[in-house]
Amino acid sequence: MQGLGIRDSGFVLAAFGALSIACAQTASSTGSTTPADAKKFLDTVNETTLKLGVAQAQAGWVQQTYITDDTEAIAARASQAANEAGARFAKESTKYDKVDVPADQRRMLNLLKTSLVLATPSDPKESDELSKIMARLESAYGKGKWCPDPSKPDTCKNIDDVTRILAVPGNEKVLRETWEGWHTISPPMKKDYARFVELSNKGARALGFADTGAMWRSKYDMPPDEFTKELDRLWDQVRPLYLKLHAYTRAKLHEKYGDGVPASGPIPAHLLGNVWAQDWSNIYPLVAPPNADPGFNLTDILKKRKMPPLDMVRSGERFYTSLGFAALPKTFWERSLFVRPKDREVVCHASAWDVDFVEDVRVKMCIEQTAEDFTTIHHELGHNFYQRAYKDLPVLFRDSANDGFHEAIGDTIALSVTPEYLVRIKLLDKAPDPSRDLGLLMTRALEKISFLPFGLLVDQWRWKVFSGEIKPEQYNKAWWDLRLKYQGVAPPSARGEDFFDPGAKYHVPDNTPYTRYFLAHILQFQFHRSLSKIAGCTLPLNRCSTYESAEAGKRLEAMLAMGQSRPWPEALDTLTGSRQMDATAIVDYFAPLSTWLDEQLKGTQIGW
Ligand SMILES: [Zn+2]
């Protein structure tokens, strides 16, 4: 699920970390600025950021939980105000490039320069146009429906319906039509998207970045090129495991669907149980290792017990309080949105909010009784507990060490949702025998390993779109080239440039950077390995749960409370004792599955 996951609202102004920035700005005036001026500037920025950020979060919350033309307009105005202030602060911060200021003020000034996801052009007309385009793109996705028979509105399918249909393997024709149907929501976005790219690049250039993609890559406490190399290094660590999973899955799909799935070559994208082929959990029945059934199904348990959504959220909260975190505030329970309302349009995509940047944390999701949503709840709450851990820092430091950290925390906790944990919280009577681990590992691999190449390629596409290397007339071809290269998947039918398939993925029209999800997938296993060790777990990694470990909770909270006040390698070091991201924790976690796959794949072609 989690790639799905998630947008962290309320952070638009808060910066995302970066020390050494290859920024082209030069100080517009250095002669008269003093350390006292810098201090005063930063005080104003912290205060204004808070004020506009709260207004934006409030307007955004209302818009996403009650989509109308008016709430769209209100949210667009609030975003515009926040974005304009952010752009202004980013520019002004360069005035203090040569002023001698204390280290934490220097960090704030640097963060300001790299804080924006979207830089608005300085021309008010263009800035206004950009805000409207953004609101339109987001709503186009939120209201997106595929209507197989437009004369019968009840047959229209929203993303939830589409997700449900694609989750059931078997009928190739239905899967293909549904996949193609969902992808009809995005062609109307293409023109807006191309204009958005032009306008946002204008804003980024005014800040001294080559383009919006270069701006995004400058946030990682290292030069952008070095960061790109880090991603390559991490992908190389896990790619062999992905190739094995891909080859085994392809062989099983070939058995199921015949020549519709080639014995070698890419896998058709609509047959992997998910609209974007980013999570293959749903096709588990087709690839399940024999005799590895764990003997329980969490979705069935939740449904059988008719567990109310609120109780599912309470369960998630209890995990965090068992580690020593304070319980969520009363307002969380009063103000969150947990179920899809019947009377209005909402953006159901799960997200975690920090509306006042202090205590007013919320979750917005349309919970169903599924194992996936149970996990998503743990994920979203991870954001909320992170947000609260850093609430006492200056406003500009209230964010995660880098943006992958925010996404990783909840997932780290979800890795602790082991059978033994389910027994301890009384959802399960008895944990299965360890000999059944292969089934659980396969389930998790279908969710986590299958995600990695998708997590990488979304921004590979966008970075090239922003840089102009991919032009509007090649948007779709370039998208599918990358999906082939990284995921080894192909579309079920020809996809010309009259389609705009990237737009059928939430994070593209919503303009949420995606590399964070890739990093989060790497980091969560690294965190889990460290926390398990701290908790004293000597079992194989996949059987460790940190539930009720005060020691693990203490180390986790120490890292979370740092927010982004220090470069991310220091935060990583606080928890793991290492300053480098390391994907070998994934290889460790899945070692038994990897060995088993080697045996199954003897004599089989790997790759495409
Ligand atoms: Zn998230």
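Following our numbering, the numbering of the sequence shown begins with 70 at its first residue and continues without gaps. Where is the CB? At the ideal position from N, CA and C, for every residue including glycine. Source: prediction; values computed, not measured.
- Between the C-alpha atoms of Ser208 and Lys433 there is a straight-line separation of about 16 Å.
- Boundaries of the alpha helix (DSSP H) harbouring Trp530: Phe520 to Ser536, taken from the DSSP string.
- The continuous stretches of alpha helix (DSSP H) do not include Asp280, and DSSP gives it neither H nor E.
- With distances taken between CA atoms, Gln529 lies nearest to Thr297 out of Leu312, Thr297 and Ser469.
- Annotated as distal: Lys221 and Trp251, with beta-carbon spacing of 9 Å or more.
- A Cβ-Cβ separation of about 6 Å places Thr653 in contact with Gln306 under the 8 Å criterion.
- A Cβ-Cβ contact shorter than 9 Å links Lys259 with Gly572.
- Around the CB of Ile494, fewer than 16 other CB atoms lie within 10 Å, so the residue is classed as exposed.
- Proximity to Asp218 across Pro238, Glu246 and Asp192 peaks at Glu246, based on C-alpha coordinates.
- For Ala589, the uninterrupted alpha helix (DSSP H) run begins and ends at Thr584 to Ile603, by DSSP.
- In the DSSP assignment, Ala145 falls within the unbroken alpha helix (DSSP H) covering Asp138 to Ser162.
- Note that the segment 176 to 188 touches the segment 456 to 476; at least 3 beta-carbon pairs, one per stretch, sit closer than 8 Å.
- For the set Gly473, Asn152 and Thr253, the Cα lying nearest the Cα of Leu199 is the one of Asn152.
- A distance below 9 Å separates the beta carbons of Phe535 and Ala273.
- Annotation: Val430 is outside any alpha helix (DSSP H); the continuous beta strand (DSSP E) that includes it extends over Val430 to Lys433.
- In the three-state DSSP reduction, Ser420 falls in the strand class (E or B).
- In summary, Lys546 is exposed, with fewer than 16 beta-carbon neighbours lying within 10 Å of its beta-carbon over all protein chains present.
- If you ignore the 5 residues before and after Tyr311, its C-beta comes within less than 8 Å of the C-beta of Ile518, Ser519, Leu521 and Pro522, all in its own chain and listed in chain order.
- Per DSSP, reduced to three states, the secondary structure at Ala559 is strand.
- Of the heavy atoms belonging to ligand 1, at least one sits nearer than 8 Å to the Cβ of Gly479.
- Following the DSSP letters along the chain, one finds Ile539 in no alpha helix (DSSP H), marked with neither H nor E.
- Judged by the Cβ position, Glu449 qualifies as a neighbour of ligand 1 at the 8 Å threshold, a heavy atom of the ligand being closer than this.
- By the C-beta criterion, the segment 561 to 576 is judged not to be in contact with the segment 439 to 446, since fewer than 3 inter-stretch pairs fall below 8 Å.
- When C-beta atoms of the segment 136 to 149 are compared with those of the segment 100 to 113, fewer than three pairs fall below 8 Å, so the two segments do not count as touching.
- Taking 9 Å as the cut-off, the Cβ atoms of Ile591 and Asp651 count as close.
- Rounded to the nearest angstrom, the Cβ distance from Leu662 to Leu510 is 4 Å, consistent with a contact under 8 Å.
- When the five nearest sequence neighbours on each side are left out, the beta carbons in the same chain lying within less than 8 Å of the beta carbon of Thr232 are those of Asn343 and Val344, in order along the chain.
- In the displayed model, Pro571 falls within a helix according to three-state DSSP.
- Rounded to the nearest angstrom, the Cβ distance from Trp349 to Phe474 is 26 Å, too far for a contact under 8 Å.
- Shown here, Ile494 sits in coil according to DSSP, grouped into three states, outside any helix or strand.
- Residues Ala500, Arg612 and Ser614 of the same chain have their beta carbon placed closer than 8 Å to that of Glu489, with the five preceding and five following residues left out of the count.
- In this structure, the straight-line span from the alpha carbon of Val416 to that of Ala361 is close to 38 Å.
- A contact between stretches requires three or more CB pairs, one per stretch, nearer than 8 Å, and the segment 454 to 462 meets this requirement with the segment 420 to 427.
- Less than 9 Å divides the Cβ of Ile482 from the Cβ of Gly451.
- The Cβ atoms of Val430 and Phe401 lie closer than 9 Å to each other.
- DSSP links Pro337 through a beta bridge to Ala559.
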